[in-house]
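Engineer: Dropping the structure in here first, questions after.
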Amino acid sequence: MTSKNTRRFDEVRAGEALPELAIPITVPLIAGGAIATRDYFPGHHDAEAARKLGSPHIFMNILTTSGLVQRYVEEWAGPGARFGALKIKLGAPNYPGDTMTFTGEVSGCNADKRSVEVTLKGKNSMGNHVTGTVAVVLP
Amino acid sequence: MRETKLAEQDWMTEVRAMVGREYGRVYAWDEVNAPMIRQWCEIMGVENPLYTDATYAATTEFGAIVAPPAMLQAWCLEGLHPNNYPPGSTTENPYEVLRLMEGQGYQSVVAVNSDLTFERYVKVGEKLYYTTRLDAVGEQKTTALGTGYFVTLIMSFFSEKPNGGEGGQDDKVGELLFRVFKFRPANAQPAAEAPKGDAAPAVPKIKRPKPGISDDTRFFWEGAAAGKLLIQRCKCCGTLRHPPGPVCTKCHSFEWDTVESGGTGSIYSFVVMHYPEVPPFDYPNPVGLIELDEGVRLIAGLVGVKRNEITIGQRVQVEFQAFDDGELTLPLFRPVAP
């Protein structure tokens, strides 16, 4: 990423599609993500506990989802993009063995603030795990 | 019955009276620090050097490493021991409204929205805390999950000034709007039985809906599975018909056989499905009414088209795609040159 340029506001057009990003959902990602976000709720790292809650396996916590959303937009926008908002709606859970594929497009450009809004979704085999919008300020 | 209703109103009055209530500070255990940032980036796959490379960060407007914005809430979580917050944190429970609802049988909770907004990025060494406001409790709603209430909390995150706050107020660095649905499950299901040994976890896979197949329509689906687009034909008068049915619409004969379509035609009409997004379909989902060159029309999915570039009269060609490990084969249509 060090070599990657930051997208410039003037280069971006409403309707531009972001490249897809497929993220394999694994036990290390879910459990590691929960701990890296200081979320020790048992359903995120203990399969037995998750099953007692009625889930087939551990499931991803919201803070990991937010982190992956940041990653998706940041990989497209570049290291100089500055996040103003990251708003998500949660849907189908992310379980190990599944794949979540992000798609997104530029849904708005605010020239005064040099801010770009991306509308995105992360879909797994059960539907949308996450939908939302991210606002980033570009140089 | 009337008494029950009144009792419900009583507790809801208590809930509504709590809306707007502010809850005190909850502190972060640790100052914003580079090791926790680096580990967060490692697991998330975030590669922006702004968060991990001091030399790069020094060239930015921040002059030093900052925390990834999506990490904001993580700093202030209690960690391993539930409700074990650092000294100085409030002893009030910002979630008390949810406890009150549990007492009324609304036992389950699901997170719905997490809306983060950022005033500024935070640097290594800053000490964060947040305060909470109970923003709203909605009207009773019934969703697919059950009946309950949407509850919205707003957490405001601040960076504490050193030296007990001398030199002005603490900086607000961001905000989190967190909305949950607190509900009584529609179909309370017993906990899934744990699979034995190393059995693969039974993660539910959502499949395509299956067609209802009758003696009149079986030929069509069997044909599709064999890669043929079959159309019903009246044995008496030769009229083609689709969708399949028992009787010729022209001569009323019950006698029929089938012919294989050449699979070419044109788009007679179309819709593009946007909402609601029903799994496992991809959206936007274009669906065409195809007029086959043999003269009958059928409804089928469109592939290889952009939603803004579909036109009436566009020439299309059938292709067959298997779904759900071959359980279902569907004819789909792809644009071809005129």
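Read top to bottom, the protein sequences are chains A and B.
Under the numbering used here, read the first sequence as residues 1 to 139, first letter to last.
Under the numbering used here, read the second sequence as residues 140 to 477, first letter to last.
Glycine residues also receive a C-beta, built at the ideal position from the N, C-alpha and C atoms.
None of the values given here were measured: they were computed from a predicted structure.
#1: Are at least three pairs of beta-carbons, each pair with one atom in the region 150-157 of chain B and one in the region 169-179 of chain B, less than 8 Å apart?
#2: Going by DSSP, what residues sit across from P24 of chain A in a beta bridge?
#3: Starting from M412 of chain B, follow its DSSP beta bridges and name the residues at the other end.
#4: Using a C-beta to C-beta distance shorter than 7 Å, which residues of chain B count as neighbours of R71 of chain A?
#5: Please tell me whether W76 of chain A has its Cβ less than 8 Å away from any Cβ of chain B.
#6: Taking the DSSP output, what are the residues bridged to L189 of chain B?
#7: Do you know offhand how far T64 of chain A's Cα is from Q460 of chain B's?
#8: Among all the DSSP beta bridges, which residues are the ones paired with A439 of chain B?
#9: Using 8 Å for Cβ pairs, my map puts Q371 of chain B next to T397 of chain B. What's the rounded Cβ distance?
#10: Scan the region 57-111 of chain A and note each continuous beta strand (DSSP E) run of 3 residues or more that stays entirely inside, going in chain order.
#11: Quick one: list the residues of chain A neighbouring S491 of chain B, beta-carbon separation under 9 Å, in chain order.
#12: Which class does R357 of chain B belong to by DSSP, given the choice of helix, strand or coil?
#13: According to DSSP, simplified to helix, strand and coil, what is A330 of chain B?
#14: At a CB-CB cut-off below 7 Å, which residues of chain A make contact with I204 of chain B?
#15: Going along chain B, which residues have a C-beta under 7 Å from P39 of chain A?
#16: Considering only C-alpha positions, which residue in the set B:V386, B:L368, B:L211 and B:P418 is nearest to C376 of chain B?
#17: Buried or exposed, going by whether 16 or more other CB atoms sit within 10 Å of the CB of V116 of chain A?
#18: Residues of chain A with CB closer than 8 Å to the CB of K344 of chain B, please, in chain order.
#19: Quick test of the definition: if touching needs 3 or more C-beta pairs under 8 Å, does the region 117-128 of chain A touch the region 401-418 of chain B?
#20: Looking only at its own chain, which residues have a Cβ that is under 6 Å from the Cβ of A203 of chain B, when we skip the five neighbours before and after it?
#21: Could you have a look at C180 of chain B and say whether DSSP puts it in helix, strand or coil?
#22: With a threshold of 6 Å on Cβ separation, who are the neighbours of D310 of chain B within its own chain once the five nearest residues in sequence on each side are excluded?
#23: Secondary structure at Q148 of chain B, three-state DSSP: helix, strand or coil?
#24: Please name the residue, chosen from A:G97, A:R38 and A:G43, that lies closest to W168 of chain B on a Cα-to-Cα basis.
#25: Which two residues bound the contiguous beta strand (DSSP E) that contains E161 of chain B?
#26: Taking Cβ-Cβ distances shorter than 7 Å, what residues in chain A pair up with D354 of chain B?
#27: Quick check on this structure: which residue in B:N187, B:A250 and B:P225 has the alpha carbon closest to the alpha carbon of L237 of chain B?
#28: Does the pairing of the region 97-109 of chain A with the region 10-25 of chain A give three or more beta-carbon distances under 8 Å?
#29: Looking at chain B, is there any beta carbon in it that lies within less than 8 Å of the beta carbon of G67 of chain A?
#30: With DSSP run on the structure shown, which of helix, strand or coil describes A17 of chain A?
#31: Name the DSSP beta bridge partners of L471 of chain B, please?
#32: Comparing the C-beta of W179 of chain B with each C-beta of chain A, is any distance below 8 Å?
Structural biologist: So, from the listed chains and residues:
#1: no
#2: A:T99
#3: B:N424
#4: M183, G184 and V185
#5: no
#6: Per DSSP, none; premise fails for L189 of chain B.
#7: 35 Å
#8: B:G427
#9: 6 Å
#10: 82-90 and 99-110
#11: Coverage of chain B is limited to positions 140 through 477, which leaves residue 491 of chain B absent and any answer about it impossible.
#12: helix
#13: Model confidence at A330 of chain B stands at a pLDDT of 45, short of 50, so the residue's coordinates are unreliable; what they give is reported in the following sentence. Three-state result, A330 of chain B: coil.
#14: In chain order: nothing, as chain A lies at least about 13 Å away.
#15: The displayed chain sequence assigns Asp, not Pro, to residue 39 of chain A. Those are L216, listed as they occur along chain B.
#16: B:V386
#17: buried
#18: S125 and M126
#19: yes
#20: A196 and K262
#21: helix
#22: S298
#23: helix
#24: A:R38
#25: E161 to Y166
#26: Here the premise fails: no neighbours, minimum Cβ distance about 34 Å.
#27: B:A250
#28: yes
#29: yes
#30: strand
#31: B:G440 and B:E458
#32: yes
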